[in-house]
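In the UniProt record's numbering, the protein residues as written are 1 to 602. Where is the CB? At the ideal position from N, CA and C, for every residue including glycine. Structure first, commentary second.
Shown next as structure tokens:
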């Protein structure tokens, strides 16, 4: 019989790992994952470590790899451990064996997609875990140190430099830069043995709380450092989430104009390296809005954004940080609101950020979030509908809102102008020669526009200097005839003959009106043209009629067509304005003027 071939089921391992971690008390599946792009796009460097990488997701950061090994050695040789090298090596091997057994749980924490081999992953966990524990222990001592103990940290590779401490604090609070909390517990218990169960050992959790300024409690409650920070401020409360939206529709200036008094709650100052959030916003029926002080430090933005990302990644978490961010997003709409909140002490800018940076922080901090809770829904509804008894009159309220709106519009215009200017400098005129080229192109464009404008004006001026309409020409000639008859004391005989014609006036070819009269008076003509011509300039019939010579009239009126019809209709005709009704003749009428030449003789 043929032996059955074994089917390769290695692809089932990630599924088994994920299922095995679902009901584990110390590990959550997919608890350390990539931040969604819609949150990352707002500020990418807030989710990517700069100095130190923790875990397998960002192994390209090698700036502090040597520092990690120094911290690892210090942790293994801490007080309470065997300080002999042989004993330290033995402890290290025990740590390696225990961490290697957690391979499946560690892989499940990263969603089952870890490319490293189990031994390589265990090595990363040991080095990064020992570094993180040593740094947090040292940071807790550094924050609570006295002046006499400051010399002890002057030789520390990280704590001696404040800027580096802030960078490391930002890096270890990023969602993508975490390791499972159970790894920290295992490493700590190998160096500091304890008879209690792992679930009941809260020493590592208290080390983290001390380092970040939270109160110590007898429960762990976290799957990694960022989760423990969230639990320490929000708690384990669960709230039915809802779609994230801005619920506060009035900014700080408009609330002030509506008669609401905004005050900053009293707070106790904390260490410059500590950064905590207080969510106790309260609005009373007396029209007083109390907001806890928000300290904006170097670590505030990174920590806030990553805590929001953590809330958005777990449906069972209360989205307190997201709702807090959306409240400030509605409270601040421009730099004018930031200035007002800084004046009353609600915002304290320890990081010395500019108004533009603060405005960008509050406007984009919750952008891309999909879920929020109802922490401030009732207060926002009251603030949106509040109209207190002490509200100023409309004339007193209007200047505040109007000035605020003007500043808001001005800031928007300057914001877009600044962006366009940056794009122009970066992409189009990075050098002096390109700048000169842009100026030359702009000058040519302006000259071309001016040339087109003045050419159109000249052409329009020529078109206005055309012959008079027939009615005006006839009135002009008749007035001269009347003057001549008065001077000679004998009116010229006029006769009107009616026959079928168009609505325009027409003269026959036999008339002498268009021929010069040999008299001491100027010649009379039915046209306003300065020169005499055998071809009349006023033609009141259809434009397609011809003279006896077979030529078309040279005039400005009628429906004249070009000689060569294949070339189109030619330039557009100029329509004469309608003449007054009294100067127009009825249909089928033609005016014929006869002048007795004997009046002008002798």
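Residue 206: member of the alpha helix (DSSP H) spanning 203-212, first to last residue.
Between the segment 313-331 and the segment 366-375, the count of Cβ pairs shorter than 8 angstroms is three or higher; the stretches touch. Excluding the 5 residues flanking it on each side, residue 294 has same chain C-beta neighbours closer than 6 angstroms at 347, in chain order. A distance of 9 angstroms or more separates the beta carbons of residue 126 and residue 54. The Cβ atoms of residue 330 and residue 287 lie no closer than 9 angstroms to each other.
In the three-state reduction of the DSSP assignment, residue 364 falls in the helix class, which pools H, G and I.
Ranked by how close their Cα comes to the Cα of residue 282, the residues 380, 219, 343 and 356 have 380 in first place. When secondary structure is reduced to three states using DSSP, residue 379 falls in the helix class.
Boundaries around residue 338 are those of the alpha helix (DSSP H), 335-344, since no beta strand (DSSP E) includes it. One alpha carbon belongs to residue 334, the other to residue 359, and they sit about 7 angstroms apart. In the structure shown, the three-state DSSP call for residue 309 is helix.
One thing to note: residue 137 has its Cβ no nearer than 9 angstroms to the Cβ of residue 121. Secondary structure note for residue 290: its beta strand (DSSP E) is the uninterrupted segment 288-291. DSSP places residue 261 in the strand class (E or B) of the three-state scheme.
For residue 294, the secondary structure class from DSSP, reduced to helix, strand or coil, is strand. In the three-state reduction of the DSSP assignment, residue 435 falls in the helix class.
The segment 190-207 makes no contact with the segment 235-251: fewer than 3 CB pairs, one atom from each, lie closer than 8 angstroms. Taking every protein chain shown into account, the CB of residue 459 has fewer than 16 other CB atoms within 10 angstroms, so this residue is exposed. Assignment of residue 347 by DSSP, reduced to helix, strand and coil, places it in the strand class. Residue pairing for residue 283: DSSP places it in a beta bridge opposite 289. At a Cβ-Cβ threshold of 9 angstroms, residue 350 and residue 298 count as neighbours. Nearest in C-alpha terms to residue 296, of all of 213, 362, 144 and 97, is 362.
Each residue's CA atom was taken as its position, placing residue 67 and residue 244 some 42 angstroms apart.
Secondary structure note for residue 120: its alpha helix (DSSP H) is the uninterrupted segment 118-143. Contact check for residue 71 against residue 165 fails: the beta carbons are separated by 9 angstroms or more. CA-to-CA, the gap between residue 300 and residue 445 works out to about 49 angstroms. Assignment of residue 174 by DSSP, reduced to helix, strand and coil, places it in the coil class.
Under the 8 angstroms Cβ criterion, the segment 224-244 does not count as touching the segment 35-47, having fewer than three qualifying pairs. By the 16-neighbour rule on beta-carbons within 10 angstroms, residue 129 is buried. In this structure, residue 109 places its C-beta atom within 9 angstroms of the C-beta atom of residue 180.
Linking residue 99 to residue 182 through their CA atoms gives a straight-line distance of about 9 angstroms. Straight-line spacing of the CA atoms in residue 277 and residue 326 works out to 14 angstroms. The criterion of a C-beta distance shorter than 9 angstroms is satisfied by residue 280 and residue 292.
Under the three-state reduction of DSSP, residue 73 is assigned to helix.
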